[in-house]
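In my numbering, the protein residues as written are 144 to 368. Ideal placement from N, C-alpha and C gives every residue a C-beta, glycine not left out. A short write-up of the structure that comes next.
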């Protein structure tokens, strides 16, 4: 083995060792957070819809921004008009008008097409990819791509979906899992990176969903949703 190759491997092993050490410190909090996601599912349709709106609001924003917006909007998520939602001061969101339109459009679709029985529809979608496609590709649901649809499903207790935001992509690149940090712009590319993340999680012995929160916390300093 060449000296340069050996030098390239050592930092990688050291980084994984540090990752596992960090995981041992955060493991309890991470597992608690994942249990909270499962409780959202158990609360039923309104709680699930709120989580869907949260993910619509976090697109091109931040998790904390989404939390602030959901708190400010409150019950208007379920009964307010576009005008009502646009009046809400949404914590400085970059796109308050467009996100309000997305929420109302999605809410009306879920009411008319599903009778607001969102939980029943998700249960009906047995296939891993079909379930995500329903939210990522459905014209009745505005504001979600593969990342946001994955985020939503993870946040209501479904496992194995990679949330490939900039923090996760950068982390995977740093660990040599992917070659670059460009956002996947097709379903095929998204699944390719997701599969690589799954293989990495198996290799290092950290559950996929726990790994997501761990990597995200190392970039942001928080274990949010």
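In the three-state reduction of the DSSP assignment, residue 333 falls in the helix class, which pools H, G and I. The three-state secondary structure of residue 304, taken from DSSP, is coil. If you look at residue 209, you'll find it in the alpha helix (DSSP H) that goes 206–216. Here residue 347 is near residue 162, since their CB atoms are less than 8 Å apart. Ranked by how close their Cα comes to the Cα of residue 298, the residues 158, 246, 210, 321 have 210 in first place. Approximately 7 Å separates the beta-carbon atoms of residue 312 and residue 326; this is inside 8 Å, confirming the contact. Assigned with DSSP and collapsed to three states, residue 224 falls in coil, not helix or strand. With fewer than 16 neighbouring CB atoms inside 10 Å of its own CB, residue 266 falls in the exposed class. In this chain, the alpha helix (DSSP H) harbouring residue 266 covers 261–267.
For residue 244, same chain residues with a beta-carbon under 8 Å away, outside a window of 5 residues either side, are 225, 285 in chain order. Comparing alpha-carbon positions, the option among 363, 251, 301, 309 lying closest to residue 179 turns out to be 301. Secondary structure of residue 270 (DSSP, three-state): coil.
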